[in-house]
Amino acid sequence: MEPMPQIPMLSYDVVVIGGGPAGMAAAAKAKELGLNVLLLDENDYLGGILPQCIHPGFGIHYFKEELTGPEFAARLAKRMIENGVEYRTSARVLEIRNYSDLEKVVIFTSPSGVYQVWAKAIIYAAGARERHAFEIGIVGDRVAGIYTAGEAQTLMDIYGVLPGKEIVIVGSGDVGLIMARRFALEGAKVKAVVELMPYPGGLARNVMILRDFNIPLYLGHRVVEVRGKGRVQRVKIVKVDENLNEVPGSEFWIEADTLVISAGLIPSVKKLKKIGVEIDPSTGGPVVNDRLETSVPGIFVAGNSLLINDLVDYVAEQGELAAEGAKEFIEKGGIESRKWVKVEKGANVRLVAPHYLSGDRDLYLYLRVSRPMENVEVRIPETGKKVRLPVVKPAEMVRVKLRAEEIRKAQERLTVEVVGA
Amino acid sequence: MKTKVAIIGAGISGASIARVLSKYENLEVHLIEKAPDVGWGVSKANTALIHGGYDDDPDKYPNRARLCIMGNRLWHRWVKELEIPHVWNGALIVATEEEDFDELERLLERGRRNGVPEMRIIDRDEVFHLEPGLTRDAIGALWVPIVGQIGPIPAVIALVENAVANGVKTHLETEVTGIKVENGEVKGVETNNGFIEADIVINAAGLYADEIARMAGIDYFEIHPRKGEYWLFDEGIPGPRRVLFPTPTPISKGIVVTTEISGHLMIGPNAQDLPPEEKDNLATTEEGLEQVWEGAKKLWPQLPPRSRVIRTFAGLRPEPTGGDFIIKAEEEVQGFINVAGIRSPGLTSAPAIAYEVAGIIERDLGVKLVEKERWNPYRREITHFFMLKPEQVNEMIKRNPAYGKIVCRCNNVSEGDVLEAIERMKAIGVKTPSVDSVKFRTKATTGTCQGSFCRPRIIQLLAKEYGVEPWEVTLKGRGSEIGVGDVKALLRGDEA
Ligand SMILES: Cc1cc2nc3c(=O)[nH]c(=O)nc-3n(C[C@H](O)[C@H](O)[C@H](O)COP(=O)(O)OP(=O)(O)OC[C@H]3O[C@@H](n4cnc5c(N)ncnc54)[C@H](O)[C@@H]3O)c2cc1C
Ligand SMILES: Cc1cc2nc3c(=O)[nH]c(=O)nc-3n(C[C@H](O)[C@H](O)[C@H](O)COP(=O)(O)OP(=O)(O)OC[C@H]3O[C@@H](n4cnc5c(N)ncnc54)[C@H](O)[C@@H]3O)c2cc1C
Chain H
213 MEPMPQIPML SYDVVVIGGG PAGMAAAAKA KELGLNVLLL DENDYLGGIL
263 PQCIHPGFGI HYFKEELTGP EFAARLAKRM IENGVEYRTS ARVLEIRNYS
313 DLEKVVIFTS PSGVYQVWAK AIIYAAGARE RHAFEIGIVG DRVAGIYTAG
363 EAQTLMDIYG VLPGKEIVIV GSGDVGLIMA RRFALEGAKV KAVVELMPYP
413 GGLARNVMIL RDFNIPLYLG HRVVEVRGKG RVQRVKIVKV DENLNEVPGS
463 EFWIEADTLV ISAGLIPSVK KLKKIGVEID PSTGGPVVND RLETSVPGIF
513 VAGNSLLIND LVDYVAEQGE LAAEGAKEFI EKGGIESRKW VKVEKGANVR
563 LVAPHYLSGD RDLYLYLRVS RPMENVEVRI PETGKKVRLP VVKPAEMVRV
613 KLRAEEIRKA QERLTVEVVG A
Chain P
42 MKTKVAIIGA GISGASIARV LSKYENLEVH LIEKAPDVGW GVSKANTALI
92 HGGYDDDPDK YPNRARLCIM GNRLWHRWVK ELEIPHVWNG ALIVATEEED
142 FDELERLLER GRRNGVPEMR IIDRDEVFHL EPGLTRDAIG ALWVPIVGQI
192 GPIPAVIALV ENAVANGVKT HLETEVTGIK VENGEVKGVE TNNGFIEADI
242 VINAAGLYAD EIARMAGIDY FEIHPRKGEY WLFDEGIPGP RRVLFPTPTP
292 ISKGIVVTTE ISGHLMIGPN AQDLPPEEKD NLATTEEGLE QVWEGAKKLW
342 PQLPPRSRVI RTFAGLRPEP TGGDFIIKAE EEVQGFINVA GIRSPGLTSA
392 PAIAYEVAGI IERDLGVKLV EKERWNPYRR EITHFFMLKP EQVNEMIKRN
442 PAYGKIVCRC NNVSEGDVLE AIERMKAIGV KTPSVDSVKF RTKATTGTCQ
492 GSFCRPRIIQ LLAKEYGVEP WEVTLKGRGS EIGVGDVKAL LRGDEA
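Residue numbers (my numbering), protein chains in the order written: chain H, 213 to 633; chain P, 42 to 537.
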């Protein structure tokens, strides 16, 4: 690596990349643990995507109180700032360099200049990006009026712009449903929510939104084409069979001026990939141990960059865990290598994290199922662990607490499965 | 007195002509374009190749054969003068069957006739040395090192900026609706923005050149659109270093596999003929894209999963009656020059077409061209944050902090880049703020996330700089406004 004497140099114990809930919780905790922290976020404000989520539904676990996104963000920001965490907004991390196990360099740019920050550890909490229309195979005209849910939300709730008045939404996850309500409340006509799977993706209470506002839900359907001149004019929808193949002759058009894509998030980990961090193809985020340390020692990850979370409470929890990991790393000069227990995916488990467990601490496993089931048990045969759940859905993350002594019962690996009770 | 010249169409043809004509003291050049910005016609969506000049038969298509190789040579100079993004990476026309070598020999022979330098047929070993990821079925190739790629819209923008710096006047959002001809002589063009007087009218209207010609009473040719579709993949997906063609068939050059200049794997195009009335049908189709996929797989077997696509798009080639470029002064209408049917390789040929037109003005219209004493051949590329070293950024920031702030995170485009783009838009006369105008100048919104993070910020900057409300900012001109009003517009009943 080239040294860069020409650019101003800063030095901290930990740099936190991302000022969303994961990053803010991590920074606050790291500071509380006595570390010297710098948090960087490219937005002009702290909070990540929370300031645009003006609906309630945040914080029930973490703050034991139901808050809106901006309220949740404000509380974390307050805690962090009162702790004396240094932070910079409008500061985009351009590159991470792994100089040695105990020396990392983060290069960021901001209106006051490009800087290099030397740190012992990095907590990466850069969030996720949304899947867009091209990725989900929509063909036709490239016109105005096609937005991802997050973009539509930013336009409405940060910039005060109403994107359209006749809306078709792709995806019935919580984000799609919440946007359906948001549009309806502003007087727009939501003409359809179109869901590829045969079941809705979101929480039952959010699916109720559709009934409340009289919004048609098309399950087992796919938006395939958009046509329009300048602006979206109509959207083509087809039915799909059990294998998600289009049913010939089933297509129909809906007139609309706006198509909102809410087709899932993908962890933003490009910068980690560049320095060789191992990625789990099923989560899209890094492979981590139970300190949320990636395969590059001293780089920790939390929040939507680790795996896509549906509850911000879990995101904040992960941020704190990563901070504890960073503390241990810095104090001991590295996370001790030990006989890690590898977590394996069993029946009906689509993804699970963390991937390696030490058995010296309690922790949460975060997992998602492949298909919905009722009346199930999450089982980990090697440990004898069984947790009963009335219902599991792919869109809802399952969080299971494992105690250290349970983990120690497993030898080299433990298998997580979700099976009928 | 100056001779007034009206060029219809600010595509690569019209822009090249404007630049070349801007050299002359005794011309007053007007560049007229119906779109809100330059380069949004055929020149917007194509394979972006500077072709080698070997595939056009000089007997059947003399203009194409002659101007392609000339254009290629000129681009080697023009990209430097105008700082146009480019790469000279050469092409391989790949043989997978023994019979293909017959065709490659024919191309080699034709290339020699057309004056193409440095081509040769190479064997399997050399092919894989040049391109290790190629299909294992490859048994040899025609190697054409002079082939390259440029940014086609950046090229049009660069040409127009340079032309304007040398005195050319632009008229954007100005649609030509009629040609005034008196006593067999052109007098000017009628437009939605009034009459523009001209002694010479140059018809470089791309897909619509037949309609413009008809306005002048010339109807010996027709143009029909031939659609080509493309897939463009996310960065980091391995693509070839060279431009890869299959061995052509009598009807098509085939589906190209290339790493386009920004480093993205791109495949396409297919060819589908559309009726003349579908000149604005730029919709991608499942069938067309499928065809491209199948075609590309034959050359490049390791295509990524389809979810790694970041964009699909389509372009329309303006296919003229007869198949050759129509570049001439029309005898029955004095002062009217057609630059019509500029299909592929029109991007390559454009600089040569421009010199051809200057020649026609002198030779056929009898206007003796007088060179300016001071003509500026250079144009400086817009600042791209992603091309600067950190210490250079810090220098820029001293003058303007906006250069330190990132707007587009996928491509590292700074707010300074965007503001500079807006300034340059205004300088060439862009009246309607559009995200696409910023996109084509800065590359913002063209990355992995396709703008979902940065588009709202760009809209904000455009709204501020143009003094409009953010919802009035357009994606690509009037009719593509990004919103219907402020969040409460519908509740207030502002909108019907
Ligand atoms: C529409 C919607 C509705 C939701 N509703 C709920 C709900 O009701 N309840 C709930 O609990 N959760 C909800 N969530 C989910 C919750 O908001 C997310 O899980 C959480 O915000 C993720 O936090 P994060 O810190 O991982 O990422 P983010 O909030 O995305 O923060 C990441 C930050 O990192 C910054 N960043 C990225 N790269 C860089 C870089 N290179 N340099 C500097 N900064 C960088 C980003 O700009 C961003 O500010 C919702 C999400 C959405 C989109
Ligand atoms: C799929 C495809 C692939 C191609 N690949 C290549 C390649 O790799 N290499 C290559 O060399 N060539 C290629 N080409 C060809 C090349 O793109 C064209 O030859 C070239 O862009 C034509 O430029 P133009 O300026 O003549 O037309 P245009 O770019 O269409 O410019 C004409 C302009 O006139 C304007 N206009 C029309 N009517 C009016 C009016 N009434 N009033 C005012 N303005 C008007 C239009 O808005 C337009 O901007 C390809 C073309 C396609 C479609």
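All C-beta atoms in this analysis are idealised placements derived from N, C-alpha and C, irrespective of residue type, glycine included.
heavy atom of ligand 2 below 7 Å from residue i C-beta
{"i": "R465 of chain P", "result": "no"}
{"i": "G524 of chain P", "result": "no"}
{"i": "P77 of chain P", "result": "no"}
{"i": "H273 of chain H", "result": "no"}
{"i": "A106 of chain P", "result": "no"}
{"i": "V157 of chain P", "result": "no"}
{"i": "G457 of chain P", "result": "no"}
{"i": "N516 of chain H", "result": "no"}
{"i": "G50 of chain P", "result": "yes"}
Minimum C-alpha distance to residue i - residue among the options
{"i": "I134 of chain P", "options": "P:V298, P:K75 and P:L183", "result": "P:L183"}
{"i": "G94 of chain P", "options": "P:A106, P:K85 and P:S84", "result": "P:A106"}
{"i": "D572 of chain H", "options": "H:L314, H:A538 and H:R503", "result": "H:R503"}
{"i": "A355 of chain P", "options": "P:Q375, P:I368, P:A395 and P:K268", "result": "P:K268"}
{"i": "I229 of chain H", "options": "H:A535, H:K557, H:V603 and H:N560", "result": "H:A535"}
{"i": "V513 of chain H", "options": "H:R304, H:Y336 and H:F425", "result": "H:Y336"}
{"i": "V454 of chain P", "options": "H:E294, H:Y224, H:A234 and H:L306", "result": "H:L306"}
{"i": "S521 of chain P", "options": "H:V508, H:P375 and H:R291", "result": "H:P375"}
{"i": "R165 of chain P", "options": "P:E138, P:D143, P:W416 and P:R147", "result": "P:E138"}
Contact with chain P by residue i, beta-carbon distance below 8 Å
{"i": "M213 of chain H", "result": "Only weak support exists for where M213 of chain H lies, its pLDDT of 47 falling under 50; the value from the coordinates is given anyway. For M213 of chain H, the answer is no, since every Cβ of chain P falls outside 8 Å of its Cβ."}
{"i": "I219 of chain H", "result": "yes"}
{"i": "E543 of chain H", "result": "no"}
{"i": "H344 of chain H", "result": "yes"}
{"i": "F425 of chain H", "result": "no"}
{"i": "M216 of chain H", "result": "yes"}
{"i": "A559 of chain H", "result": "no"}
{"i": "E244 of chain H", "result": "no"}
{"i": "E236 of chain H", "result": "It is worth fixing the name first, because residue 236 of chain H is Met in this sequence and not Glu. M236 of chain H does not count as touching chain P."}
{"i": "G271 of chain H", "result": "no"}
{"i": "D353 of chain H", "result": "yes"}
{"i": "L222 of chain H", "result": "no"}
Contact with chain H by residue i, beta-carbon distance below 8 Å
{"i": "G269 of chain P", "result": "no"}
{"i": "K484 of chain P", "result": "no"}
{"i": "N87 of chain P", "result": "no"}
{"i": "E374 of chain P", "result": "Correcting the residue identity first, residue 374 of chain P is Val in this sequence and not Glu. No, its Cβ sits nowhere closer than 8 Å to a Cβ of chain H."}
{"i": "L72 of chain P", "result": "no"}
{"i": "G526 of chain P", "result": "yes"}
{"i": "Q491 of chain P", "result": "yes"}
Residue i: CB within 7 Å of a non-hydrogen atom of ligand 3
{"i": "E254 of chain H", "result": "This structure does not include ligand 3; its bound ligands are ligand 1 and ligand 2."}
Check: residue i C-beta below 7 Å from any heavy atom of ligand 1
{"i": "K490 of chain P", "result": "Correcting the residue type first, residue 490 of chain P is Cys in the shown sequence and not Lys. No; taking the cut-off as 7 Å, the Cβ of C490 of chain P has no heavy atom of ligand 1 nearer than that."}
{"i": "Q365 of chain H", "result": "yes"}
{"i": "F512 of chain H", "result": "no"}
{"i": "G93 of chain P", "result": "no"}
Min CB distance residue i to chain C below 8 Å
{"i": "D78 of chain P", "result": "As a matter of chain content, chain C is missing from the structure shown, whose protein chains are H and P."}
Length-filtered (3 minimum) beta strand (DSSP E) runs lying within the segment 248-322 of chain P:
Runs found: 264-276, 284-287, 297-300 and 305-309.
At what residue ranges does the segment 300-337 of chain H contain a whole run of the beta strand (DSSP E), taking only runs of 3 or more?
The segment 300-337 of chain H contains, as complete beta strand (DSSP E) runs of 3+ residues, the segments 304-312, 315-322 and 325-336 (chain order).
List in chain order: all unbroken beta strand (DSSP E) runs of 3+ residues lying wholly within the segment 543-582 of chain H.
Here the runs fully enclosed are 553-557, 561-565 and 575-581.
Contiguous alpha helix (DSSP H) assignments of at least 4 residues, all confined to the segment 580-626 of chain H
As far as the segment 580-626 of chain H is concerned, its whole alpha helix (DSSP H) runs of at least 4 residues are 616-621.
Give the list of continuous alpha helix (DSSP H) stretches no shorter than 4 residues that lie fully inside the segment 351-398 of chain P.
You should have found no qualifying run.
3-residue-minimum beta strand (DSSP E) runs that sit fully inside the segment 140-226 of chain P, ordered along the chain
The segment 140-226 of chain P contains, as complete beta strand (DSSP E) runs of 3+ residues, the segments 161-164, 181-185, 189-191, 210-212 and 217-223 (chain order).
What residue ranges within the segment 401-430 of chain H form continuous beta strand (DSSP E) runs of no fewer than 3 residues, ordered along the chain?
Counting only unbroken stretches of 3 or more residues, the beta strand (DSSP E) elements lying wholly within the segment 401-430 of chain H are 401-407, in sequence order.
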